[in-house]
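> Read top to bottom, the protein sequences are chains F and B. Position in the first sequence counted from 1, then plus 199, gives you the working numbering. Position in the second sequence counted from 1, then plus 199, gives you the working numbering.
Protein chains: 2
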Amino acid sequence: MRDVQTRMENTLEHALPPLSHAPSRLHDAMRYAVLDGGKRVRPLLVYAAAELVNGSAPCTAAAAAAVEMIHAYSLVHDDMPAMDNDVLRRGKPTVHVQFDEATALLAGDALQAQAFDVLAHAPFARAADQVATMAALARASGSLGMCGGQGIDLYSVGQTLTLPELELMHILKTGALIRASVIMGTYCGEPMSSEDRARLDHFAKCIGLAFQVIDDVLDEESDTATLGKTVGKDAANHKPTYVSLLGLKGAKDKAAELLNEACAALAPFGERAARLQALADFIVERRS
Amino acid sequence: MRDVQTRMENTLEHALPPLSHAPSRLHDAMRYAVLDGGKRVRPLLVYAAAELVNGSAPCTAAAAAAVEMIHAYSLVHDDMPAMDNDVLRRGKPTVHVQFDEATALLAGDALQAQAFDVLAHAPFARAADQVATMAALARASGSLGMCGGQGIDLYSVGQTLTLPELELMHILKTGALIRASVIMGTYCGEPMSSEDRARLDHFAKCIGLAFQVIDDVLDEESDTATLGKTVGKDAANHKPTYVSLLGLKGAKDKAAELLNEACAALAPFGERAARLQALADFIVERRS
Numbered sequence: 200m201r202d203v204q205t206r207m208e209n210t211l212e213h214a215l216p217p218l219s220h221a222p223s224r225l226h227d228a229m230r231y232a233v234l235d236g237g238k239r240v241r242p243l244l245v246y247a248a249a250e251l252v253n254g255s256a257p258c259t260a261a262a263a264a265a266v267e268m269i270h271a272y273s274l275v276h277d278d279m280p281a282m283d284n285d286v287l288r289r290g291k292p293t294v295h296v297q298f299d300e301a302t303a304l305l306a307g308d309a310l311q312a313q314a315f316d317v318l319a320h321a322p323f324a325r326a327a328d329q330v331a332t333m334a335a336l337a338r339a340s341g342s343l344g345m346c347g348g349q350g351i352d353l354y355s356v357g358q359t360l361t362l363p364e365l366e367l368m369h370i371l372k373t374g375a376l377i378r379a380s381v382i383m384g385t386y387c388g389e390p391m392s393s394e395d396r397a398r399l400d401h402f403a404k405c406i407g408l409a410f411q412v413i414d415d416v417l418d419e420e421s422d423t424a425t426l427g428k429t430v431g432k433d434a435a436n437h438k439p440t441y442v443s444l445l446g447l448k449g450a451k452d453k454a455a456e457l458l459n460e461a462c463a464a465l466a467p468f469g470e471r472a473a474r475l476q477a478l479a480d481f482i483v484e485r486r487s
Numbered sequence: 200m201r202d203v204q205t206r207m208e209n210t211l212e213h214a215l216p217p218l219s220h221a222p223s224r225l226h227d228a229m230r231y232a233v234l235d236g237g238k239r240v241r242p243l244l245v246y247a248a249a250e251l252v253n254g255s256a257p258c259t260a261a262a263a264a265a266v267e268m269i270h271a272y273s274l275v276h277d278d279m280p281a282m283d284n285d286v287l288r289r290g291k292p293t294v295h296v297q298f299d300e301a302t303a304l305l306a307g308d309a310l311q312a313q314a315f316d317v318l319a320h321a322p323f324a325r326a327a328d329q330v331a332t333m334a335a336l337a338r339a340s341g342s343l344g345m346c347g348g349q350g351i352d353l354y355s356v357g358q359t360l361t362l363p364e365l366e367l368m369h370i371l372k373t374g375a376l377i378r379a380s381v382i383m384g385t386y387c388g389e390p391m392s393s394e395d396r397a398r399l400d401h402f403a404k405c406i407g408l409a410f411q412v413i414d415d416v417l418d419e420e421s422d423t424a425t426l427g428k429t430v431g432k433d434a435a436n437h438k439p440t441y442v443s444l445l446g447l448k449g450a451k452d453k454a455a456e457l458l459n460e461a462c463a464a465l466a467p468f469g470e471r472a473a474r475l476q477a478l479a480d481f482i483v484e485r486r487s
């Protein structure tokens, strides 16, 4: 995992326009938002899924970089005053604090375009796989995916959500991009059957939800220093969470159930899916 | 042209998620930002360029819708308080005024994703052309294109730009997407030689700049009611314009020169480029 994370920094470093290119302040902000931060869960998933198809190194790297750029842009915009108004992210000032709001807005916009740019210029053996990769990323990013989940989140402040409603929100908000990471990885090498891809999609759906359940648990249990971002904001904003709906123990049980279901979906792949399995464990057992 | 504009409304209507889909407020804002507005210059250019390659109807429609969604999202974000803080666009309240800032931010983000989604799901005969179309749109939208131009614009407030600096800004800010429109159209049908595509790119570069020069002229000569947006903002913000650098007559002469150069680039195509020619004339002669 650490090996992929190190390679990822290098890939992202080269997939972003250099500071020497105008406007350098915008490129500075884009690099600030993406480089040297985060657990790189989505890139790790792309790499782990690509192992199942003997993924080409440059295509896997491009897919991993693209999904991380989408994730990073969503954090930049989420942190802005119009949304969560957060000043701290990964232990550093958020982009609009470090730069300014207009730059944060533009940097986010440019990162989304850069994600598709990187994919569109990767050396895929089959252009149809390249299109499928971009299709998965676009659908997962837009209003039927991540942005839609953020919208439901936004409009749910102060509302009482049922568990199915909360689940739909998170399946879109966090889950869509996690699922896309796995699916994108499967298009980076040899052809995969649609049955196998559906199994992996179910795996990814489960760990995507588990990721969010654990996020809510950590938000309740951890402190700002460990997490690197402001804790307790959801409760303060009267946002529904798994912990508020299920209690702390209920939420932990839910995460364990989802992990089991995810592992079951991997069973037919045997040893080849060891890395995906390890990532699923990591997602549920992480402390930050 | 009116025929394409009418078809375009219909295409965009179907290319955007329906209001019935959650979150409906987000989809309402996306539709508000895109439908029933604007001259559709970029879609018209896509269609006119696609005529040169007997473009497939659904692919041309998808390319036209995609580029218009990118244009529309850029206006939504541009109008926000953190950027131009504009309350009027196409004679209607801007998205953040009609809805709210968070919704405007998300709607813009989701529209950018939707643009790539639409392209990724269009029935291109050759996947390589589909990738090329998406590559052109991504490059034109990001920090080496439109977002980069907006950044240079942002950081130039109160600065004295030289004519080449102003030109670079506009080649990126407005020109990149106009060039992409023409290039995308050429990938929607039969193969085109790279020489022909380069000629069309030069044509598009000239009319892209002419478009901005005329924008500056109209901002000086017109009134808010005719233009449907607040006039005189650039002067009020001490932003450099072609009129401030060249004077009104100088700017008009510049536009005429660019139109001539654009027409010269079209000459080898003869009658087949009649519609591109008509669009170039329209861009320079428009009154709003």
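All residues carry an ideal CB built from backbone N, CA and C; glycine is no exception. Small disclaimer: the values here were computed from a predicted structure and weren't measured.
1. What do you reckon, are the CB atoms on Ala281 of chain B and Leu304 of chain F nearer than 9 angstroms?
2. Between Phe323 of chain F and chain B, is the shortest Cβ-Cβ distance under 9 angstroms, so that the two count as touching?
3. With three or more C-beta pairs closer than 8 angstroms as the rule, is the region 349-359 of chain B touching the region 209-223 of chain B?
4. Compute the Euclidean distance between the alpha carbons of Leu336 of chain F and Ile382 of chain F, then round it to the nearest angstrom.
5. Find out if the Cβ-Cβ distance for the pair Glu267 of chain B, Arg289 of chain B is shorter than 9 angstroms.
6. From what residue to what residue does the alpha helix (DSSP H) around Met368 of chain B run?
7. Please state the DSSP three-state secondary structure of Leu343 of chain F.
8. Whose C-alpha, out of B:Ala248, B:Asp452, B:Asp352, is nearest the C-alpha of Leu365 of chain B?
9. Within its chain, find whatever has a CB closer than 6 angstroms to the CB of Thr210 of chain B; leave out the 5 residues flanking it on each side and keep chain order.
10. Please identify the residue among F:Ala301, F:Cys462, F:Thr440, F:Asp415 whose C-alpha is closest to the C-alpha of Ser487 of chain F.
11. When Cβ atoms are compared, which residues of the region 314-342 of chain F fall closer than 7 angstroms to chain B?
12. Among B:Gln411, B:Tyr441, B:Phe410, B:Cys387, which one has its Cα closest to the Cα of Glu502 of chain B?
13. Taking DSSP as the reference, what is the three-state secondary structure of Arg224 of chain F?
14. Interface residues of chain B around Met207 of chain F at Cβ under 8 angstroms?
15. Using a C-beta to C-beta distance shorter than 7 angstroms, which residues of chain F count as neighbours of Tyr354 of chain B?
16. If you measure beta-carbon to beta-carbon, which residues of the region 378-412 of chain B are closer than 9 angstroms to chain F?
17. Would you please verify whether the beta carbon of Gln311 of chain B is less than 9 angstroms from any beta carbon of chain F?
18. From this set, B:Ala450, B:Arg239, B:Ala472, B:Asp308, which residue's C-alpha is nearest Ser273 of chain B's C-alpha?
19. To which residues of the same chain is Glu208 of chain F closer than 8 angstroms at the C-beta, ignoring the five residues directly before and after it?
20. Assuming Met391 of chain F and Val252 of chain F are in contact, meaning their beta carbons sit under 8 angstroms apart, how far apart are those beta carbons, in whole angstroms?
21. Taking any Cβ of chain B, which residues in the region 289-307 of chain F have a Cβ under 9 angstroms from it, in chain order?
22. Since Lys448 of chain F sits in a beta bridge, which residues does DSSP pair it with?
23. Shortest alpha-carbon distance to Ala324 of chain B belongs to which of B:Phe315, B:Cys258, B:Ala375, B:Asn284?
24. Which value, in whole angstroms, describes the spacing of the CA atoms of His320 of chain F and Ala334 of chain B?
25. Under DSSP, the alpha helix (DSSP H) around Lys438 of chain B begins and ends at which residues?
26. Could you tell me if Ser393 of chain F is buried or exposed, where buried requires 16 or more neighbouring beta carbons within 10 angstroms of its beta carbon?
27. Let me see if you follow: with CB-CB separation under 9 angstroms, is Cys560 of chain F close to chain B or not?
28. Please go through the same chain and pick out, in chain order, the residues whose beta-carbon is closer than 8 angstroms to the beta-carbon of Gln311 of chain F, but skip the five residues on each side of it.
29. Restricting to runs no shorter than 3 residues, where is the beta strand (DSSP E) found entirely within the region 378-420 of chain B?
30. Residues of chain B with CB closer than 9 angstroms to the CB of His518 of chain F, please, in chain order.
31. Check the Cβ-Cβ distances between Tyr272 of chain B and every residue of chain F, and say whether any is below 9 angstroms.
32. I believe Ile150 of chain F touches Ile482 of chain F by the beta-carbon criterion, under 8 angstroms. Please report the beta-carbon distance rounded to the nearest angstrom.
33. In whole angstroms, what separates the C-alpha of Ser342 of chain F from that of His213 of chain B?
34. Count the CB pairs spanning the region 401-410 of chain F and the region 471-479 of chain F that are closer than 8 angstroms, and state whether there are at least three.
35. Does the Cβ of Leu243 of chain B have 16 or more other Cβ atoms within 10 Å, making it buried, or fewer, making it exposed?
Taking the structure as given:
1. Leu304 of chain F sits close to Ala281 of chain B, with the two beta carbons spaced by under 9 angstroms.
2. Closer than 9 angstroms to some Cβ of chain B, the Cβ of Phe323 of chain F qualifies, so yes.
3. Cβ pair count under 8 angstroms is below three, so no.
4. Taking the straight line joining both Cα atoms gives about 9 angstroms.
5. The answer is no: Cβ separation not under 9 angstroms.
6. Residues 362-369.
7. It is coil, neither helix nor strand.
8. For the residues B:Ala248, B:Asp452, B:Asp352, the minimum Cα distance to Leu365 of chain B belongs to B:Asp352.
9. Leaving aside the five residues that flank Thr210 of chain B on each side, the residues in its chain whose CB is nearer than 6 angstroms to its CB run, in chain order, Ala260, Ala264.
10. For the residues F:Ala301, F:Cys462, F:Thr440, F:Asp415, the minimum Cα distance to Ser487 of chain F belongs to F:Asp415.
11. Listed by position along the chain: Phe315, Asp316, Ala319, His320, Ala326, Ala327, Gln329, Val330, Met333, Ala334, Ala337, Arg338, Ser340, Gly341, Ser342.
12. The shown model of chain B, from 200 to 487, leaves out residue 502 of chain B, and the question about it has no answer.
13. If DSSP states are grouped into helix, strand and coil, Arg224 of chain F belongs with the helices.
14. Simply none; closest approach about 20 angstroms.
15. Going along chain F in sequence order, the residues near Tyr354 of chain B (Cβ under 7 angstroms) are Pro222, Arg224.
16. Answer in chain order: no residues at all.
17. Judged by the 9 angstroms Cβ criterion, Gln311 of chain B is in contact with chain F.
18. Closest in alpha carbon position to Ser273 of chain B, among B:Ala450, B:Arg239, B:Ala472, B:Asp308, is B:Asp308.
19. Spatial neighbours of Glu208 of chain F in its own chain (CB-CB distance under 8 angstroms, excluding positions within 5 residues in sequence) are listed in chain order as Leu234, Asp235.
20. That pair is a contact at about 5 angstroms.
21. Those residues of the region 289-307 of chain F that come within reach of chain B (Cβ to Cβ, closer than 9 angstroms) are His295, Asp299, Glu300, Ala301, Thr302, Ala303, Leu304, Leu305, Ala306, Gly307.
22. DSSP output for Lys448 of chain F lists no bridge partner at all.
23. Among B:Phe315, B:Cys258, B:Ala375, B:Asn284, the Cα nearest to that of Ala324 of chain B is on B:Cys258.
24. Pairing His320 of chain F with Ala334 of chain B, the inter-Cα distance amounts to about 7 angstroms.
25. No alpha helix (DSSP H) holds Lys438 of chain B; DSSP gives it neither H nor E.
26. With fewer than 16 Cβ atoms within 10 Å of its Cβ, Ser393 of chain F is classed as exposed.
27. This structure cannot speak to residue 560 of chain F, because chain F is shown only from 200 to 487.
28. Excluding five sequence positions before and after Gln311 of chain F, the CB atoms of its chain that fall closer than 8 angstroms to its own CB belong to Met268, Ile269, Tyr272, Ser340, given in chain order.
29. Runs found: none.
30. An answer regarding residue 518 of chain F cannot be provided, because it is not within the stretch 200 to 487 covered by chain F.
31. With 9 angstroms as the cut-off, Tyr272 of chain B counts as an interface residue toward chain F.
32. The displayed coordinates of chain F run from 200 to 487. Any statement about residue 150 of chain F would go beyond what the structure contains.
33. Taking the CA atoms as reference points, Ser342 of chain F sits about 15 angstroms from His213 of chain B.
34. Yes, they touch.
35. Its Cβ being crowded by 16 or more others within 10 Å, Leu243 of chain B is buried.
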